[in-house]
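Asks: Residue numbers for the sequence shown follow UniProt numbering, so the first one is 1 and each next one is one higher.
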Amino acid sequence: MAASIKDVAKEAGVSIATVSRVLNDIDVVNEETKKKVLKAIDKLGYRPNIVARSLKTQKTKTVGIIIPDISSQFYPEIVRGAEDVANIYDYNIMLCNTDLDLEKEMEYLKVLKEKMVDGVLYMSNSLEKNIIELINQLEMPLVLVETTDKEKMFPSVTIDNKKAAYDAVEYLIKKGNRKIAYIGTPEIAVNASALRYMGYKEALQKNNIEINEDIIYFSGMKARHGYEGVNTILNKTCIDAVFCTSDEIAMGAINALRDRNMDVPSEVEVIGFDNIYASSIFYPKLTTVSQPMYDMGSVGMRMLIKIINKERIEKQHYVLSHEIIVRNSSRN
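1) Do the segment 202–214 and the segment 129–142 make contact, defined as three or more Cβ pairs closer than 8 angstroms?
2) Do you know whose CA, among Ser71, Leu100, Asp118, lies nearest methionine 94's CA?
3) Here's a check: name, in chain order, each residue in its chain whose Cβ is nearer than 7 angstroms to the Cβ of serine 4, leaving out the five neighbours to either side.
4) How about valine 157 and methionine 303: do their beta carbons lie closer than 9 angstroms?
5) Going straight from the alpha carbon of glutamate 77 to that of tyrosine 294, what length do you get?
6) Where tyrosine 108 and isoleucine 276 are concerned, what is the direct C-alpha to C-alpha distance, given to the nearest angstrom?
7) Residues in its own chain within less than 6 angstroms of leucine 55 by CB, not counting five upstream and five downstream?
8) Alpha carbons only, please: which of Gln73, Phe282, Glu213, Ala86 is nearest the one belonging to isoleucine 305?
9) Alpha carbon to alpha carbon, how far is aspartate 90 from residue 333? Give it in angstroms, no decimals.
10) What are the complete beta strand (DSSP E) segments, minimum 3 residues, inside the segment 235–259?
11) For leucine 55, which three-state DSSP category applies?
12) Sort out for me which residues DSSP pairs phenylalanine 282 with in a bridge.
13) According to DSSP, simplified to helix, strand and coil, what is phenylalanine 154?
14) Measuring CB to CB, does isoleucine 324 end up less than 9 angstroms from tyrosine 171?
15) Could you check whether isoleucine 249 and valine 204 sit closer than 9 angstroms to each other, using their CB atoms as the reference points?
16) Going by C-alpha to C-alpha distance, which of Asn261, Leu195, Arg260 sits closest to phenylalanine 273?
17) Have a look at valine 22 and arginine 47 and give me their C-alpha separation to the nearest angstrom.
18) Could you tell me the distance, in whole angstroms, from the CA atom of methionine 116 to the CA atom of alanine 181?
19) Output yes or no for whether 9 angstroms exceeds the beta carbon distance between leucine 112 and isoleucine 66.
20) Tell whether a beta-carbon distance below 9 angstroms holds between isoleucine 188 and alanine 253.
21) Report the rounded CA-to-CA distance for threonine 33 versus leucine 44, giving the unit in angstroms.
22) Counting along the chain, where does the alpha helix (DSSP H) carrying leucine 109 start and finish?
23) Under the three-state reduction of DSSP, which class applies to residue 363: helix, strand or coil?
24) Near isoleucine 16, which residues of its chain fall below 8 angstroms by C-beta distance, leaving aside the five closest residues on each side in sequence?
25) Please classify isoleucine 5: does DSSP put it in a helix, a strand, or coil?
26) Between Ile307, Leu234, Ser330, Phe282, which has its C-alpha nearest serine 266's C-alpha?
27) Please name the residue, chosen from Leu100, Lys104, Pro292, Lys163, that lies closest to leucine 134 on a Cα-to-Cα basis.
28) Tell me where the beta strand (DSSP E) around threonine 18 begins and ends.
29) Buried or exposed: which applies to aspartate 247, given that a residue is buried once 16 or more other Cβ atoms fall within 10 Å of its Cβ?
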């Protein structure tokens, strides 16, 4: 039978109230008594009843993390950063994968509210109006990671996606490329990737390059979309380079070019986005825009815990640095 709080009190020779104060870190117990209680907890293997504690403290020491796609190499690294910080502060994590499904995303938000999580770290596939309305209705502490809402109502951690895309496309332009294809999210989507299309367009416009609809392919973020995109574009016209809004897209694009016996990078340069692990071992190794994924998760979780504990946060919106990692899918 599992040890109870009463057993711990008896073993330590203190009252149940004293054990409760130690468990809840209420700073009225002297160090000697606290050591006796902690020793008794360790000896008996006592684990507090989380439900009972949450009813009393109104906190479960649990946070929800919502991600759009667990099969992507991008999100697990963010979760790792978040989890490491959560562990430091003794928070448990409930991980929810929405499979890029808006209805599932909304359902998970409701479930996390029902489970009485203390807050949510939220990576949304698309911050549509009904999602924003639901978040406001549920009134849970929440931090956005990787993206921001249009009105900037919610605390967030991200990079400057528009500027990052601009830098990537300008990098290709400076190497003499003029016909630079785009494969990725359309501008109308309400997420971080859509900002990359805006950066792509701005880089072309500022360098007096006409936007050519024939070399723009709107798609999802998977390798198959890169493969389909390259084939669709090359069936209409030729290109010098491809800017992809994810590394997975870039890998699919390179495979399509290979199947057409086109060399990367001597005939067509390819640049990806994210700097996931596979980008450094794929052949040719991908030139890509690097996002500080681990840091995004750790900064986001630290913000969330501060908000939960009603502490002041230094910034409402953190914009972390990006970097272009030059490898073998572009000419040096």
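We put the beta carbon where it would ideally sit given N, CA and C, even for glycine.
Bear in mind the structure is a predicted one, so any value in this text is a computation, not a measurement.
Replies: Let's see:
1) no
2) Position 94 of the sequence shown, counted from the first residue, corresponds to residue 94. For the residues Ser71, Leu100, Asp118, the minimum Cα distance to methionine 94 belongs to Asp118.
3) For the purposes of this step, residue 4 is taken as the residue at position 4 of the sequence shown. If we look at serine 4 and ignore the five residues flanking it on each side, it has no Cβ neighbours.
4) By one-based count along the sequence shown, residue 157 stands at place 157. By one-based count along the sequence shown, residue 303 stands at place 303. Yes. Within cutoff.
5) As a first step, residue 77 must be located in the sequence shown, where it is residue number 77. As a first step, residue 294 must be located in the sequence shown, where it is residue number 294. Cα-Cα distance, rounded: 5 angstroms.
6) Looking up residue 108 in the sequence shown gives position 108. Looking up residue 276 in the sequence shown gives position 276. Approximately 26 angstroms between the Cα atoms of the pair.
7) For this step, residue 55 is matched to residue 55 along the sequence shown. Interpretation of leucine 55 is limited by its pLDDT of 47, a score under 50 that renders its predicted location unreliable; the figure taken from the coordinates is listed afterwards. So the list is empty, once near-sequence residues are dropped.
8) Start at 1 with the first residue of the sequence shown, and residue 305 comes out as number 305. When only C-alpha atoms are compared, the closest one is Ala86.
9) There is simply no residue 333 to check, as the chain begins at 1 and stops at 332 in what is shown.
10) 241–244
11) As a working note, residue 55 is residue 55 in the sequence shown. Low per-residue confidence applies at leucine 55: pLDDT is 47, beneath 50, and the placement is therefore not dependable, though the value from the model is reported in the following sentence. Leucine 55: helix per DSSP, three-state reduction.
12) Sequence index remark: in the sequence shown, residue 282 carries index 282 (1-based). In the DSSP output, where bridge partners are listed per residue, phenylalanine 282 has none listed.
13) Taking the first residue of the sequence shown as position 1, residue 154 is located at position 154. Of the three classes helix, strand and coil, the one that applies to phenylalanine 154 here is coil, per DSSP.
14) Here residue 324 refers to the residue found at position 324 of the sequence shown. Here residue 171 refers to the residue found at position 171 of the sequence shown. Against a cut-off of 9 angstroms, the Cβ pair of tyrosine 171 and isoleucine 324 comes out as a contact.
15) One-based indexing of the sequence shown puts residue 204 at position 204. One-based indexing of the sequence shown puts residue 249 at position 249. The amino acid at residue 204 is misidentified as valine; the sequence shows leucine. No; because the gap between Cβ atoms is not below 9 angstroms, this pair is not in contact.
16) Indexing the sequence shown from 1 puts residue 273 at position 273. Among Asn261, Leu195, Arg260, the Cα nearest to that of phenylalanine 273 belongs to Leu195.
17) In the sequence shown, residue 22 corresponds to position 22, counting from 1. In the sequence shown, residue 47 corresponds to position 47, counting from 1. Cα-Cα distance, rounded: 13 angstroms.
18) Counting from one through the sequence shown, the residue named residue 116 turns up at place 116. Counting from one through the sequence shown, the residue named residue 181 turns up at place 181. In a straight line, the C-alpha of methionine 116 is about 47 angstroms away from that of alanine 181.
19) For the purposes of this step, residue 112 is taken as the residue at position 112 of the sequence shown. For the purposes of this step, residue 66 is taken as the residue at position 66 of the sequence shown. Their beta carbons are under 9 angstroms apart, which means leucine 112 touches isoleucine 66 by this criterion.
20) Stepping through the sequence shown from its first residue, residue 188 is reached at position 188. Stepping through the sequence shown from its first residue, residue 253 is reached at position 253. It is not a contact, given that the beta carbons lie outside the stated cut-off.
21) Mapped onto the sequence shown, residue 33 falls at position 33. Mapped onto the sequence shown, residue 44 falls at position 44. Taking the straight line joining both Cα atoms gives about 17 angstroms.
22) In the sequence shown, residue 109 corresponds to position 109, counting from 1. Where leucine 109 is concerned, the enclosing alpha helix (DSSP H) stretches over 102–114.
23) Outside the modelled stretch of the chain, which goes from 1 to 332, sits residue 363, for which no answer is possible.
24) Numbered from 1 along the sequence shown, position 16 holds the residue referred to as residue 16. Once the five neighbours on either side are set aside, the close Cβ partners of isoleucine 16 are Ile5, Lys6, Ala9.
25) Sequence index remark: in the sequence shown, residue 5 carries index 5 (1-based). Here isoleucine 5 sits in helix by DSSP.
26) Here residue 266 refers to the residue found at position 266 when the sequence shown is read from its first residue. Nearest option by C-alpha distance: Ser330.
27) As a working mapping, residue 134 is identified with position 134 in the sequence shown. Answer by Cα proximity: Lys104.
28) As a working mapping, residue 18 is identified with position 18 in the sequence shown. Element bounds for threonine 18: not the beta strand (DSSP E) but the alpha helix (DSSP H), 16–23.
29) The residue you call residue 247 lines up with position 247 of the sequence shown. The residue in question, aspartate 247, is buried, as its Cβ has 16 or more Cβ neighbours within 10 Å.
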